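Take a look at the structure below.
Chains as they are written, first to last, in my numbering: chain A, 3 to 340; chain B, 3 to 340.
Right, here's the structure in full:
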């Protein structure tokens, strides 16, 4: 491993050996519907609460990714992941059923890139051999927890984003003959706060964090944005994407190949999701249902995958605090790309 | 690095180069009072809310540990840590003021051993050079969030534990000439659930997780418990300690050198803390105010440090769920010990 300022470059890149995405009804009506491993009929998963339902999705997603790579709990060294529920209970409750160590993390919607980054280092260092990175969210659970219970029927702001109900899981190995893509580098994000207080405008809050992490990674690697087929952000949505491009332009960077996972998973006009999608499952499911399969089919060779997270809680909102944000980034490349 | 089942052994052990502990009024009246780097006069830290106060303690603790090792933000590669607040806001809000990447983790009261474990791997792998592991909690914020607001004046159960108001921070390097102690190994915990539902009896819920992780570490290293000067658990308290010793005895292990951080930080009788102390700051402050200084003075040569965490939330409690638990463990040894 090589360190260039805050960027970690893998000389022997760890790789993705398997991945799976689970979604619910709304995800099953969107453009990626057919690419999910499992679409559940409704957001309850036959459970009594939304929180339990999310836990079931975490379980099914991990099981699916393990099955696809023929990995059992005996040869899985750890699961690294988290979710949006207070105390990350979706992940913790799911992990009761797996005889595997859990490294619980919290990065809000930046969780997927963060967990892949840690997993890649674990796998490459020899501390572990096979690690599963996982992240989930649930629209109904998140709305109740962060904003208002759905039964109140609160009107959605045009800047609001729709939390993805689902889970994404990627299994990472230090070395493998059966690899889909490899992880070339990681840049972990710093915590920023530009004073945004509107919890119905996450995109605006998170855009500066995405801009900073992408710039740090480009500077540290010396790569031009067009070195990559695409630069993905996690869930900036329509508003956040405009702001990101503006911030980068001001810094002299024209991003022609930017894509936001929050604008990929739903049909924004037809599915009435206002500014786009969000949630810890947003970048996780788009990675596992769309981006990694495109590496497999050879459509993608090099991407930056930058998940963005807004780190407020209901308590900090009620206490009139602004929203701290972060963004973590991993560089993914095809196996035979130099 | 060597892997023996779930235990990671460092062939070139990373080391502690600095540590700091911050406490509040109650911690300043306990047996470790003089060993803290900073005792605040009250639990408000001159802030309007307890949540903000905890954030201030995180900041002061990190600053203090950095200062002691003459480390600036430029040569700190990352902070790895978390707290008990929903969405770990104490840590995230504090990190707005540090120009350093944050890897946010959630492990409830197991956070300190978890963050040291990750930090040690990061530092030893070469992914990072200098990493700060940090964890905090706040009695008033935790009671309101997990149980009832203090102003309700709810009666405390005899099994209840008192959440430590404070923060502990340890700075870890891959290699250094100025080291206090070294990290020989890490065992990350699995998630267990023995059906305990009583949120005023965390010790009972967590004891099986501590027992499992300690046994896994002893089995994987082949060491007898008496190989260590002491085997510390995080915050089992009086009840949890009895259960831990019983579980281990049933498995044929007599633990003569067990100590629980939850029974060290306060005078249980005089300070009216019922079954002992708890909280993500409990094992973190005892490590940084008591255990690591004893390595410095040569009083300790080898210990196991096993932080224990109860992973429920207020939502899962209200939904009548049981309490999932985990325990992470790091093996610490003196610098010149083989």
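Even for Gly, the Cβ is constructed at its ideal location relative to N, Cα and C.
Computed from a predicted structure; not experimentally measured.
Query	Result
At the 8 Å Cβ level, is residue 106 of chain A part of the contact set with chain B, yes or no?	yes
Please confirm whether residue 313 of chain A has its beta-carbon closer than 8 Å to some beta-carbon of chain B.	yes
Grouping DSSP H, G and I as helix and E and B as strand, with all else coil, what is residue 166 of chain A?	coil
Nearest to residue 142 of chain B by alpha carbon, out of B:26, B:247, B:96, B:15?	B:26
May I ask you to check if the CB of residue 26 of chain B is nearer than 7 Å to at least one heavy atom of the ligand COA?	By its list of ligands, the structure shown contains no ligand whatsoever, and the ligand COA lies outside what it can speak to.
Tell me the residue span of the beta strand (DSSP E) that contains residue 129 of chain A.	Run containing residue 129 of chain A: none; DSSP gives neither H nor E here.
Around the C-beta of residue 392 of chain B, are 16 or more other C-beta atoms found within 10 angstroms, so that it is buried, or is it exposed?	The question about residue 392 of chain B has no answer, for chain B in this structure spans 3 to 340.
Using 10 angstroms around the beta-carbon of residue 256 of chain B, count the other beta-carbons present and answer buried if the total reaches 16, otherwise exposed.	exposed
Return the residues of the region 185–207 of chain B that lie within a Cβ-Cβ distance of less than 9 Å from chain A, sorted by chain order.	188, 189, 190, 191, 192, 193, 194, 195
Suppose contacts are defined by Cβ-Cβ distances below 8 Å. Is residue 228 of chain A in contact with residue 259 of chain A by that definition?	yes
How many angstroms separate the CA atom of residue 93 of chain A from the CA atom of residue 110 of chain B?	13 Å
Excluding the five sequence neighbours on either side, which residues of its own chain have a C-beta within less than 7 Å of the C-beta of residue 319 of chain B, listed in chain order?	201
Which whole runs of the beta strand (DSSP E) in the region 157–229 of chain B are 3 residues long or more, in chain order?	168–175, 183–189
Compare the C-beta of residue 124 of chain A with all C-beta atoms of chain B and state if any pair is closer than 8 Å.	yes
Select from the region 296–313 of chain B all residues with a C-beta closer than 8 Å to any C-beta belonging to chain A, and list them in chain order.	313
In chain B, which residues lie less than 8 Å from residue 284 of chain A when you measure between Cβ atoms?	Going along chain B, no residue has its Cβ under 8 Å from residue 284 of chain A, so there is no contact; the nearest lies around 17 Å.
By Cβ distance, which residues of its chain are closer than 6 Å to residue 7 of chain B, with the 5 residues on each side in sequence left out?	222
Are the beta-carbon atoms belonging to residue 115 of chain B and residue 280 of chain B less than 8 Å from one another?	no
Checking 8 Å against the spacing of the C-beta atoms, do residue 170 of chain A and residue 137 of chain A come in under that value?	yes
Quick one: is residue 53 of chain B near chain A, going by C-beta distance under 8 Å?	yes
State whether the region 116–131 of chain A contacts the region 314–334 of chain A, with contact taken as three or more CB pairs (one from each stretch) at a distance under 8 Å.	yes
Count the other CB atoms, across all protein chains shown, that sit within 10 Å of the CB of residue 269 of chain B; report buried if there are 16 or more and exposed otherwise.	exposed
Is there at least one Cβ from chain A nearer than 8 Å to residue 114 of chain B's Cβ?	no
Could you give the DSSP three-state label for residue 30 of chain B: helix, strand or coil?	helix
So does the region 187–203 of chain A actually touch the region 8–25 of chain A, counting three or more Cβ pairs closer than 8 Å?	yes
Closer than 8 Å is the cut-off here; do at least three beta carbon pairs connect the region 233–242 of chain B with the region 205–216 of chain B?	yes
Are the CB atoms of residue 305 of chain A and residue 216 of chain A within a distance shorter than 8 Å?	no
Look at the alpha carbon of residue 325 of chain A and the alpha carbon of residue 162 of chain A, and state the distance between them as a whole number of angstroms.	15 Å
For residue 295 of chain A, which three-state DSSP category applies?	helix
Looking at residue 250 of chain A: is its Cβ nearer than 8 Å to the Cβ of residue 283 of chain A?	no
Whose C-alpha, out of A:63, A:31, A:95, A:131, is nearest the C-alpha of residue 76 of chain A?	A:131
Tell me the DSSP secondary structure of residue 240 of chain B in three-state form.	helix
When you compare only the Cα positions, how much space is there between residue 275 of chain A and residue 164 of chain A?	5 Å
Since I believe residue 35 of chain A is in contact with residue 61 of chain A (beta carbons under 8 Å), could you give me their beta-carbon distance rounded to a whole number of angstroms?	About 22 Å separates the two Cβ atoms, so there is no contact after all.
Taking the alpha carbon of residue 101 of chain A as the point to measure from, which residue in B:193, B:267, B:321, B:286 has its own alpha carbon closest?	B:193
When DSSP builds the beta bridges, which residues end up paired with residue 311 of chain A?	A:328
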